[in-house]
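Written below as structure tokens is the structure these notes are about.
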Amino acid sequence: MLKEKLQKFFKLDRRWIFLLLAIVLFAPIIKPIGLPNKTISRDVQNAYSYMDTLAPGSFVLFSLDYDPSTRPELQPQAIAMIRHAFQKNLRVGVVTYIAGATGLIQQAFEKVPKEYNKVYGKDYVIFPYMANAVAVLTQMSSDFYGIYDKDQDGTDARTLPVMQGIKNYKNMALVVNITGTSMLDIWVAYVGDKYKVPVIGGVTAISQPGYGPYLQTGQLKGLIGGMKGAAEYESLIKQPGKGTSGIDSLNLAHLLVLALILTSNIILLIIKYL
Amino acid sequence: MKLIKKQIPLAIVFVFGVLTLISYYIPHKKSVDFMEMMNKWENIVAAFAFFLGLISLFYSHYSKIARKVDGWGYSLFVYIGFLAMVVPAIYCHGKQMDAAGKTALGWSFSFIYNPLSATMFAILAFYIVSTAYRSFRIKSLQAFVLFVAAFILILGKVPLGQIIWTSVLGWTGAGVDQVIDWIMSYPAVAGKRGIMIGIAIGAVVTSFKIIFGIERQYMGKD
Amino acid sequence: MNVMIKNKLGFALVLLFAAANTFAAKPGPAAKKATADPLLPVAGLTVIDMPYDVGGTALLKWDVRPSDTPDVTYQVYVSSLETGGWIKAEEFPADTRTGKDIDLPFWAWDTSVKEHAVKVELNNYYGEAQSTGSLFHFKVAAVRGRNTAESEVVSVVTLSNWFRLDRMNNLVLLLILIVAFFWAVSHAKRKGLFIRRIAGLDAIDEAIGRATEMGKPIYYMTGIGSMSQISTIASAFILGEVSKKVAQYDSQIKVPHYDPIVMTVCKEVVKQSYMEAGRPDSYRDDINFFVSQDQFSYAASVDGMISREKPAACFFMGYFMAESLLLAEVGATSGAIQIAGTDVEHQLPFFFTACDYTLMGEELYAAGAYLSKEPMLMSALKVQDLGKLIVMVSVLFGIIFVGVGAWRHWDPFVQVILNMFKAY
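Chains as they are written, first to last, in the working numbering: chain F, 1 to 274; chain H, 1001 to 1222; chain B, 2001 to 2424.
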């Protein structure tokens, strides 16, 4: 009798689970609980420390390759890292190899530079979308302007103060690649390894475990994973943003998954042995 | 006919396959230029093929609408969606922002493409949860090991889980972070490397089969 | 150039031991004494074209001197003109940058610490076109405090080279595999080759049979890879076999596509299979159709079709990313038999949980041979096994050699082993 009831529980319409998850995700966004963001993972700490020790005026190239689908996870990472770069008075250049990213880059740079009184062309520059990433990345190794002779507004890139003294990867202090695709592998293999440029990655939580080997070998100087990574970075630069506000939902959703797995296994055990 | 359908394509595959292979060992400018040219050709072929795809797409949905098959209404959205992005893009010369702010393309991007794309990715979260519930059952010893690893990982991913770990298992002296680090750096990487090496060797042999014309089903048999 | 290229392992080993000894024996007192010495110009500076590269890089070498202390700086200057026009290319402390800092293996490079070795990449200072094939002049200045001593000027024309000797290890492995491949293929036998059962592939018949009984279609997804990816090619092979069976059973198959080129190829493959099965009349051109080249539009569209049509079976073979679970979960809830196969290892867990059978990585590649039972294809699988054997043996002995080497402090020996297994 009990067994049959439990069996039924197994065949639960999955839409109930969807509803449960929706509530767990929505409730904290509407009414934040303020759960603590306790630890900072090693890889995020490394990323932060690396950026933090760069000399003011160093040039950091941001390759922001994500589209709206992965925006909730990756945009907060990008904004946190750009904020950090501006705090440290680093020069910022932005490139992208995903057409869908251009709008998101625009959104990020509408706001952030103003907070630090940064001026377009002097402190940061945005380059247009380019197709065929591998070819572009290889070409940039000898002459950056061979590919990017103009910025997104069509201004001659060589004349911009922010590009002063930048000719190729040799003049860049760091490459930051935030992506929901396999672009990070391309940056590591074609640029990081080949031209000895330090690379820091920002990826979705789902693909984060796959980069373990690169971190072990030092091919990646640091890695930010998912919304939690963004929240950690935000807490390191002491600028809570979208990442931190998502942490409550993230907490509860993870616990929900655990609870569901546990329930289904307990039911399984009862059916099997009782 | 056999010459055109079989021998010439096989010869092309062989010649370019071998050239690409040996270009890895030849650093000369000529070999670099050759590889660049191949990449460009591939892009050009892909661009033409895209038109083929578009024609196929429009044709298959047109026939659905014409025959009024089940759900033919959805097919209308193929055309609506296509026009909603392409017309503003042509009209605004591909620019999303101008002096006056968002252009029509910028608007389509932010308010059509952006939410649609985000919705699809967000559904993934719901599916992961429901799959976890339905399929994550401890039916064997291996499944149990997987369960333990996954449990620790999920717990350690969020601050609340970390607090739970410290209050329940804090006495062991091992932080959840350390345990996760160990799982991710040793057993997980070892497994991943094993699969990667197997895949790499499989890829090498498959490439041989294609270059030397032994596996040629992709061009239809005879 | 001949001086530095040493193919003989024995000689290189001796050299490495010698180098290690010199390094270890470098005494402190001598260096201290040297600071008092007057700053001498670098003698015996040589420049050659950097070997094994595309061009545009020169390699300067000169002997390490006892006076090379950290307070001395070397500056390397380059010029394309007969007189003047010097550009400072490199600057570094005198106790750094020796032969062992150049990342090349022992059979292609003398990793001696007795010589300074500095690569100068000319395309950083001159145009891409000028930096290969033109004459360049170099000089080295030793600087201590305000004193500067300049060497004589040396010149070189940089070249584009024809062979990457540093990739010799890779080439040897390739040749072994090619020989093994031809041996295996030419000795292909019709019978007697054992292949482990692959449950996922055996289930294909069952899936097609079920579709025929239910009168419902089969969906076959080739993934979001391009035609140049091995997994997509493997997927096309399997599609050929699957559609042949579909044609025989007179069932229905639908193949939605992400990439138009893959679609074009698959059209040929399916058409051929229908002809082979003797049912060319059942073939329709809209079996293969294009959906979208946007990952999530593709997933949304295919999900819609699956949930409306409730197919009897779904195949996911090829390269998949985040859409793997989006597709497989919808298929699972619609009640289809699902068989997946991918070489994207981080998507495997999703397929495992949502599909009935999953082919991992190389099983996907082997599927064409397994299903077609063609002796030549089957025997090529032996080469795959040989490759794995080579890797396993190498890993085992590599661990032992490097472990023992590190324990006994045979640094040059460890270096030789590591060089042999490194990709350059």
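Positions of the beta carbon are idealized from the N, C-alpha and C atoms, including for glycine.
Of all C-beta pairs linking the segment 2081 to 2094 of chain B to the segment 2040 to 2047 of chain B, fewer than three are shorter than 8 Å, placing the two stretches out of contact. Restricting attention to H:VAL1087, H:LEU1054, H:ALA1200, the CA atom closest to the CA of GLN2229 of chain B is found in H:ALA1200. Annotation: the continuous alpha helix (DSSP H) that includes PHE2182 of chain B extends over 2168 to 2186.
The DSSP-derived three-state label of GLY121 of chain F is coil. With a cutoff of 8 Å on beta-carbon distance, MET2317 of chain B and THR2222 of chain B are scored as near each other.
In this structure, the alpha-carbon of HIS2409 of chain B lies about 15 Å from that of ILE2399 of chain B. If you draw a straight line from the Cα of ALA85 of chain F to the Cα of ALA101 of chain F, it comes to about 20 Å. VAL2269 of chain B sits away from ALA2247 of chain B, with the two beta carbons spaced by 8 Å or more. By alpha-carbon distance to PRO1027 of chain H, the top candidate from B:ARG2167, B:ASP2281, B:GLU2323 is B:ARG2167. Residue range 2115 to 2121 is occupied by the beta strand (DSSP E) that includes GLU2121 of chain B.
Using a Cβ distance threshold of 8 Å, VAL1205 of chain H and VAL2383 of chain B count as a contacting pair. Under the Cβ distance rule, GLU2323 of chain B does not count among the residues neighbouring chain F, no pair being separated by less than 8 Å. What LYS228 of chain F touches in chain H, judged by beta-carbon distance under 9 Å, is LYS1157, VAL1158, PRO1159, going in chain order. Burial check for LYS2373 of chain B: the Cβ neighbour count within 10 Å stays below 16, so the residue is exposed. Residues of chain F whose Cβ lies closer than 8 Å to the Cβ of ASP1177 of chain H are, in chain order, THR39, SER41, ARG42. Shown here, TYR2258 of chain B sits in coil according to DSSP, grouped into three states, outside any helix or strand.
Three or more Cβ pairs closer than 8 Å define a contact, and the segment 236 to 252 of chain F meets that threshold against the segment 72 to 80 of chain F. Taken atom to atom, the span from the alpha-carbon of LYS196 of chain F to that of THR53 of chain F is near 18 Å. The beta strand (DSSP E) runs of length 3 or more contained entirely in the segment 5 to 86 of chain F are, from start to end of the chain, 59 to 65.
Not a single CB atom of chain B sits nearer than 8 Å to the CB of PRO113 of chain F. In the DSSP assignment, VAL95 of chain F forms a beta bridge with F:SER63. Comparing alpha carbon positions, the residue from B:GLY2209, B:LYS2061, B:SER2243, B:SER2324 closest to VAL2118 of chain B is B:LYS2061. Under the DSSP assignment, THR2222 of chain B falls in the beta strand (DSSP E) whose first and last residues are 2218 to 2223. Interface residue (Cβ-Cβ distance to chain B less than 8 Å): ASN177 of chain F is not classified as such. Counting along the chain, ILE178 of chain F sits inside the beta strand (DSSP E) bounded by residues 174 to 179. Under the Cβ criterion of 8 Å, PRO2260 of chain B is counted among the residues facing chain H. At least one C-beta of chain F is nearer than 8 Å to the C-beta of GLU2128 of chain B. Rounded to whole angstroms, GLU2363 of chain B and SER2307 of chain B show a C-alpha spacing of 29 Å. Residue burial is scored here from C-beta neighbours: GLN216 of chain F has fewer than 16 other C-beta atoms within 10 angstroms and is therefore classed as exposed. At a cut-off of 8 Å between beta-carbon atoms, TYR2283 of chain B makes no contact with chain H. If you check the CB distance, ASP2068 of chain B and ASP2101 of chain B do not come in under 8 Å. The segment 2167 to 2177 of chain B makes no contact with the segment 2070 to 2082 of chain B, as fewer than three CB pairs between them are under 8 Å. Inter-residue distance for ARG1137 of chain H and HIS2346 of chain B is about 20 Å (C-alpha atoms, whole angstroms).
For ARG14 of chain F, the closest Cβ of chain B is nearer than 8 Å.
Note on geometry: alpha-carbon atoms of ILE1211 of chain H and ILE1012 of chain H lie some 9 Å from one another. Neighbours of THR2333 of chain B across chain F, judged by C-beta separation under 7 Å: ARG14.
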